[in-house]
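2 protein chains.
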Amino acid sequence: MSLRGLGLDLRCRCIETESRKIGKLIESVELFPPSSHCKDTEIIATLKGTGKEICLDTSAPWVKKVIEKILANQKP
Amino acid sequence: MSLRGLGLDLRCRCIETESRKIGKLIESVELFPPSSHCKDTEIIATLKGTGKEICLDTSAPWVKKVIEKILANQKP
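Chains W and L, in that order, are what the protein sequence lines are.
All residue numbers for the first sequence refer to the working numbering, where the first residue is 10 and numbers rise by one.
All residue numbers for the second sequence refer to the working numbering, where the first residue is 10 and numbers rise by one.
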């Protein structure tokens, strides 16, 4: 189990966010609501193939659209 | 890196989904769009404290509301 799984994160995970529209490269998206350790929601995408994790801009319209598409059972 | 990170999942992750409204227990939510290995979107919540992972019903209104709240920078 990761430190994250144990609730041991002590600060925000994201320092900077990806501004390019990388929806097509996304394999999965993880959402972290505000918590005692980070006051803002964080969104981390895992990329296809490499498994690389990238922070997304929670206020970017394209990010919201990607999540809406996934919820509508479509590929981003 | 997990098998998931290497893109080695060969089928859907979720067999059954949680029907109770467990929004308050959620630490994070991961969204998996449809892929060649699973035709439907899957949503897996990680619970506070235990880190236990639970599949959510992608068509449940409360699940969509939880995600909308997180996107709006609120706790679910």
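Every residue, glycine too, gets a C-beta built ideally from N, C-alpha and C.
Spell out whether any CB of chain W is found under 8 Å from the CB atom of residue i.
i     : result
P27/L : Position check: residue 27/L holds Glu in this sequence, whereas Pro was assumed. Chain W, which has no Cβ nearer than 8 Å to the Cβ of E27/L, makes this no.
I76/L : yes
S45/L : no
L34/L : no
L40/L : yes
Quick check on the burial criterion: 16 or more other C-beta atoms within 10 angstroms. Buried or exposed for residue i?
i     : result
I24/W : exposed
P70/L : exposed
A81/L : exposed
L65/L : buried
Counting only beta-carbon separations shorter than 8 Å, does residue i have a partner in chain L?
i     : result
L65/W : no
K73/W : yes
I88/W : It is not possible to answer for residue 88/W, since the shown part of chain W is limited to 10 through 85.
P70/W : no
I24/W : no
Determine the extent of the beta strand (DSSP E) in which residue i is found, giving its start and end residues.
i     : result
L65/L : E62 to L65
I76/W : Where I76/W is concerned, there is no enclosing beta strand (DSSP E), although the alpha helix (DSSP H) it sits in stretches over P70 to L80.
S37/L : I35 to F41
Identify which residue in the options has its Cα closest to the Cα of residue i.
i     : options                       : result
C21/W : I35/W, S28/W, S45/W and A81/W : S45/W
S37/W : N82/L, E36/L, P85/L and P43/L : P43/L
R29/L : T59/L, D49/L, V75/L and L19/L : V75/L
I35/L : T50/L, E51/L and G58/L        : G58/L
T50/W : T67/W, K78/W and L56/W        : T67/W
The alpha helix (DSSP H) with residue i in it runs from where to where?
i     : result
L19/L : It is not in any alpha helix (DSSP H) - L19/L carries neither H nor E in the DSSP assignment.
On the premise that residue j lies in contact with residue i, defined as a C-beta separation below 8 Å, what is that separation, rounded to the nearest angstrom?
i     : j     : result
E27/L : I63/L : 5 Å
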